[in-house]
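Numbering (the working numbering), first residue to last: 410 to 644.
In structure tokens, the structure reads:
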């Protein structure tokens, strides 16, 4: 639906899902095939994927909230910011969650919702670089969350080329089911993926692939579907 908003010429009828392509739409006697793929920045060599680390952080925070509630802690809004230089494993979930919960239980209560308590070094686990506590607005509402930020990395032309190469593997079968075949690379900056921004060089580069169009879709306001330059590969 967001792609249709950005590209109004896409047929409005129901979408089939033949796999591949992901979606098949018909209009004016033509069949449009759309391959949608979410972009996730690959991790540096030797490092875990950002999504894996984010999942571990979420598990730790959820467990910490449960421990805090079981111990009789009040409803709070708690933000936990992890030390990115400290690796995390599944073995860390229970002990780190317990340490975070105990730090919050020992912390003084915020005087108001607008005056949060910041836990200083020594009063929080070393695996965190910050814990911020807000009081509940009504004594019942609560929310604990892990940070999902980090340094904003560059999405390079090589990253885009690798996505195109991966998706090109199923292009021949997809092409047999449609008259026009698009690849749409979705970059959702509000997802839990690693923070990244496409470079000007990547936007201006000419790519090679078996598609009729390649779009870089930013699915939030301002909604953008940027067409990437395409050089068709030799048969």
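For each residue, glycine too, the CB sits at the ideal point set by N, CA and C.
### Query
In this structure, what does DSSP give as the bridge partners for residue 541?
DSSP lists 488, 527 as partners of residue 541.
### Message
Please report the straight-line C-alpha distance between residue 595 and residue 640, rounded to a whole angstrom.
### Response
20 Å
### Task
Determine the closest residue to residue 636 out of 543, 612, 556, with distance taken between C-alpha atoms.
612
### Query
Quick one: what's residue 445 bridged to in DSSP?
593
### Task
Inspect the CB distances between the region 531-542 and the region 445-452 and report whether three or more fall short of 8 Å.
no
### Query
So which of 483, 416, 427 has the shortest CA-CA distance to residue 587?
427
### Message
Assuming contact is defined by CB atoms lying nearer than 9 Å, are residue 539 and residue 483 in contact in what I supplied?
### Response
no
### Task
Assign residue 591 to one of two classes, buried (16 or more other C-beta atoms within 10 Å of its C-beta) or exposed (fewer than that).
buried
### Message
Taking DSSP's pairing of strands, which residues face residue 605 in a bridge?
### Response
562
### Message
Bridge partners for residue 638 per DSSP, in chain order?
### Response
615
### Task
Return the CA-CA distance between residue 502 and residue 419, expressed in angstroms with no decimal places.
46 Å
### Query
So residue 542 and residue 513 are in contact, right, with Cβ under 8 Å, and what is the actual spacing, rounded?
6 Å
### Query
Using the C-alpha atoms, what's the distance from residue 626 back to residue 555?
27 Å
### Query
Apart from the five residues on each side of it in sequence, which residues of its chain come closer than 6 Å, Cβ to Cβ, to residue 633?
Cβ within range, chain order: 627.
### residue 553 and residue 473 closer than 9 Å at C-beta
yes
### Cβ neighbour criterion (16 or more within 10 Å) applied to residue 712
No answer is possible for residue 712: it lies beyond the span of the chain, which begins at 410 and ends at 644.
### Query
Between 593, 462, 486, which lies nearest to residue 572 when the distance is taken from Cα to Cα?
593
### Query
Can residue 629 and residue 450 be called in contact, C-beta distance under 9 Å?
Note that the C-beta distance between residue 629 and residue 450 is not below 9 Å.
### Query
Can residue 610 and residue 589 be called in contact, C-beta distance under 9 Å?
no
### Task
Mind reading off the beta-carbon distance from residue 606 to residue 561? Whole number of angstroms is fine, and I expect it under 8 Å.
Between residue 561 and residue 606 the Cβ distance is about 5 Å, and since that is below 8 Å, they are a contact.
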